[in-house]
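J.:
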Amino acid sequence: MSAPAIGRFAPSPSGPLHLGSLLAAVVGWLDAEANGGRWLLRIEDIDPPREQPGATAAILEALTAHGLHWDGEPMLQSTRSAAYQAALDQLAAAGMLFRCTCTRRHLRAHGGSYPGTCRAHGMAALPAGTSHALRVRVPDGDAARIHFHDRLRGDCCFDLAQQGDFIVRRRDCLWAYQLAVVVDDAAQGVTDVVRGVDLLDSTPRQIHLQQLLGLPRPTYLHLPVLVDDRGDKLSKQTGALAIDLSSPELNLARVLLWLELPGDPTLPVQTQLAAALKAYRPDALPLGPIRLT
Ligand code: GLU
Ligand code: ZN
-3 MSAPAIGRFA PSPSGPLHLG SLLAAVVGWL DAEANGGRWL LRIEDIDPPR EQPGATAAIL
57 EALTAHGLHW DGEPMLQSTR SAAYQAALDQ LAAAGMLFRC TCTRRHLRAH GGSYPGTCRA
117 HGMAALPAGT SHALRVRVPD GDAARIHFHD RLRGDCCFDL AQQGDFIVRR RDCLWAYQLA
177 VVVDDAAQGV TDVVRGVDLL DSTPRQIHLQ QLLGLPRPTY LHLPVLVDDR GDKLSKQTGA
237 LAIDLSSPEL NLARVLLWLE LPGDPTLPVQ TQLAAALKAY RPDALPLGPI RLT
C-alpha cells in the first residue's frame, strides 16, 4: 500500500483570507479528500513586519465558515527557528552557503539575477557589525536545469542559473520563504503541494534545496491566478479580493464555478463541497487566468 497523501494550505497572515487564497484552499482540500489523504495547515508567520494582528484567527475562522476543515494542529513557522537553523548548518557544512553584503543598488544594476559577487567570500567572518544575507549557491551550466512535472501544467523546466544564488536568510535575520517552505513541507510529510501559479518559479529553487538537504520531492500543482476585466492580476491591496464572511455559500459557489466545478449559492457549503468532490479531476482544472465575475 502506498503512503497516504498529505496536502497542506500555507497562508501568510499578512491579511484575512481573500478569494485567491480561498481558491487555493478549496482545491487543496478537494485534492486531499479525493486521495483519501490528510490536509494540513501551516501559518507562514516568518515576516512580522508584513503581518496583520488577528489575521491568523481570521484565516482559521474563514476556512471553517467555508467547510474547509484541516487535520491536526496548525504548524506555526514562528516556532520553527531551530529546524531552519539546522538546515542552514547542513548547507554550510556542504559548502553551499555564503555571506552576501551586496546592496540593493548593486543588485539592481545587475538586473534580475544574482551576479555571484560574494560567492568567493564563502562563510568567512565579516568585520564586526556588518549585516549580511545568506545565499545558497546554484549550479552552473547543465546542472542548473531543473525539470519537474506539474499535475496541471505538465512538464516544466527552469534554469536556476538565470535566477542566480538565492537568499535563505535575509539581511534583517528573518528566514527566507524558500528555506522555511522546504524544511516544513518535509517535516509535515507533505506529498502534494497545491498553490498559486505565482509561486511556479519558486518551485525550482525549492527542489534545489530539497536535493541539497536530502529531502523528498512532493508533487506540484500550480493553480491559475485571478485577474480583472483588463487581465491584470488582482492583489490584496485593491480590495477586489476581499471575502464577505456573511455569505460563505456564495463565495464558495463563485470559486467552484471558476474552477469549472459545480457550485450553487443556494446550497450549504458541505453540500457544495460534496458535489465538487465527485466532479473533481486535477488535470481538468482551468489553466487560467480566471476573470473575476
Ligand atoms: N505562504 C505563501 C503565500 O501565502 C504560500 C506558500 C506555499 O504555498 O508554498 O503566498
Ligand atoms: Zn553579494
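For the sequence shown, position 209 (counting from the first letter as 1) is numbered 205 according to this note's numbering, and the numbering increases by one without interruption. Just so it is clear, CB atoms sit at the ideal spot from N, CA and C, and this is done for glycine as well. For clarity, every value in this text was computed on a predicted model and none was experimentally measured.
1. Cβ of Ala130 within 8 Å of Cβ of Leu156?
2. Do the stretch 221 to 233 and the stretch 145 to 153 meet, that is, are 3 or more Cβ pairs less than 8 Å apart?
3. Please confirm whether Thr75 has its beta-carbon closer than 8 Å to some beta-carbon of chain B.
4. Taking its Cβ as the centre, do 16 or more other Cβ atoms sit within 10 Å of Glu256, making it buried, or is it exposed?
5. Please work out which residues of its chain come closer than 6 Å, Cβ to Cβ, to Trp254, disregarding the five sequence neighbours upstream and downstream, and give them in chain order.
6. Taking 8 Å as the threshold (C-beta atoms), are Pro9 and Asp41 in contact?
7. Return yes when the Cβ of Val190 is within less than 8 Å of the Cβ of Ala51, no when it is not.
8. Given the structure, does Pro45 come close to the ligand GLU, in the sense that its CB is under 7 Å from one of the ligand's heavy atoms?
9. Using a Cβ-Cβ cut-off of 6 Å (strictly less than) and excluding sequence neighbours within five positions of Ala88, which residues of its own chain qualify?
10. Looking at the unbroken beta strand (DSSP E) that takes in Trp46, where does it start and where does it end?
11. Using three-state DSSP, classify His65 as helix, strand or coil.
12. So Val313 and Leu15 are in contact, right, with Cβ under 8 Å, and what is the actual spacing, rounded?
13. According to DSSP, which residues form a beta bridge with Val223?
14. Using the C-alpha atoms, what's the distance from His117 back to Cys98?
15. Confirm, please, whether the CB-CB distance from Asp67 to Arg34 is below 8 Å.
16. With a cut-off of 8 Å, do at least 3 Cβ pairs link the stretch 193 to 206 to the stretch 165 to 175?
17. Can you check whether the CB of Ala78 is closer than 8 Å to the CB of Leu209?
18. What does the alpha-carbon distance come out to for the pair Ala270 and His102?
19. Note the first and the last residue of the continuous beta strand (DSSP E) segment covering Ala129.
20. For Arg38, report the span of its beta strand (DSSP E) as first-last.
21. According to the Cβ coordinates, are Phe162 and Tyr216 closer than 8 Å?
22. May I ask whether a heavy atom of the ligand GLU can be found less than 7 Å away from the beta carbon of Ser231?
23. Need the endpoints of the beta strand (DSSP E) that Ser192 sits in, please.
T.: The answer reads as follows:
1. Inspection of the sequence shows that residue 130 is occupied by Leu rather than by Ala. No. Outside cutoff.
2. no
3. The structure shown contains no chain B; it is built from a single protein chain.
4. exposed
5. Ile286
6. yes
7. The Cβ atoms of Ala51 and Val190 lie no closer than 8 Å to each other.
8. no
9. Met119
10. In the sequence as displayed, the identity of residue 46 is Arg instead of Trp. Looking at the DSSP string, Arg46 is not in any beta strand (DSSP E), and its letter there is neither H nor E.
11. coil
12. Residue 313 lies beyond the range of the chain shown here (-3 to 289); nothing can be said about it.
13. In DSSP, Val223 forms a bridge with Lys229 and Arg287.
14. 12 Å
15. yes
16. As far as the Cβ criterion goes, the stretch 193 to 206 touches the stretch 165 to 175, which means the pair count is three or higher.
17. no
18. 53 Å
19. Counting along the chain, the beta strand (DSSP E) containing Ala129 begins and ends at Ala129 to Val132.
20. Element bounds for Arg38: Arg34 to Ile39.
21. Their beta carbons are not under 8 Å apart, which means Phe162 does not touch Tyr216 by this criterion.
22. no
23. Here the sequence assigns Gly to residue 192, which means Ser is not the residue at that position. Where Gly192 is concerned, the enclosing beta strand (DSSP E) stretches over Asp188 to Gly192.
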